[in-house]
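The block underneath contains the structure these notes are about, expressed in structure tokens.
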Amino acid sequence: MTPLPARTTAGHFTFANWEERSVTPDDATPKLAHASVTNAFSGGITAAATTCEYSIVYVSEKTGTFTGMQVLTGSLDGREGTFAVEERGWFDPDGAVHCTFEVVPESGAGALATLSGAGSYTAKPGEPSVPYTFDYQLD
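In terms of the working numbering, the sequence shown is numbered consecutively and its last residue is 137.
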């Protein structure tokens, strides 16, 4: 079977729910936290309610880094299925969140079983939705 050509898609997501708890004492520096998050994706990726878990390190009140795993069930440019992404990012003193994400190998199911790819987003303070881009390939 010939792989489909690489594609780029884009859209937006919103935070549907964010529940964060501190793992270290609140006055600790650096501070470690855990967040359970639900996102809603539209555009090239359509997923009404994702499952996402983050580990966050605050090195100051306004800066830090995070890693996370997110499972998306819905569609990618019209192909129905499920896949997981690993996320890595940081947030800066101005409140912007910068993130790159990559499909977890062999995590695709349904019409997305052979999915690979990577994407990114930057969330700016006060914006109701976050634009993303995603470069992917289906074998």
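Cβ coordinates follow ideal geometry from the N, Cα and C atoms, glycine included. Quick caveat, the model's predicted, so the values are computed rather than measured.
For G87, which beta-bridge partners are listed by DSSP?
Position 89 of the sequence shown, counted from the start, is the residue given in the question as residue 87. Answer is F64 and C97.
How would you label G138, buried or exposed, when you count the other beta carbons within 10 angstroms and need 16 or more for buried?
Outside the modelled stretch of the chain, which goes from -1 to 137, sits residue 138, for which no answer is possible.
Take the Cβ of N37 as the centre, count every other Cβ of all protein chains shown within 10 Å, and call the residue buried at 16 or more, exposed below.
The sequence position of residue 37 within the sequence shown is 39, counting from 1. Burial call: buried.
Please confirm if the segment 100 to 114 is in contact with the segment 15 to 29, defined as three or more CB-CB distances below 8 Å between the two stretches.
The answer is no - the segment 15 to 29 does not touch the segment 100 to 114, with fewer than three Cβ pairs under 8 Å.
If you draw a straight line from the alpha carbon of G129 to that of G42, how long is it in whole angstroms?
Along the sequence shown, one-based indexing puts residue 129 at 131. Along the sequence shown, one-based indexing puts residue 42 at 44. Note that residue 129 corresponds to Pro in the displayed sequence, not to Gly. Near 11 Å, if we compare the C-alpha coordinates of G42 and P129.
Which same chain residues end up closer than 6 Å to Y52 when comparing Cβ atoms and leaving out the 5 residues on each side of it in sequence?
As a position in the sequence shown, residue 52 is number 54, starting the count at 1. Counting only Cβ-Cβ distances below 6 Å, and skipping sequence neighbours, we find A33, F64 and G66.
Measure the CB-CB distance between T98 and L70 and report whether it falls below 7 Å.
Position 100 of the sequence shown, counted from the start, is the residue given in the question as residue 98. Position 72 of the sequence shown, counted from the start, is the residue given in the question as residue 70. Cβ atoms of T98 and L70: not closer than 7 Å.
Who pairs with T49 in a beta bridge, going by DSSP?
Along the sequence shown, read from residue 1 onward, the residue named residue 49 stands at position 51. Note: T49 sits in a beta bridge opposite V69.
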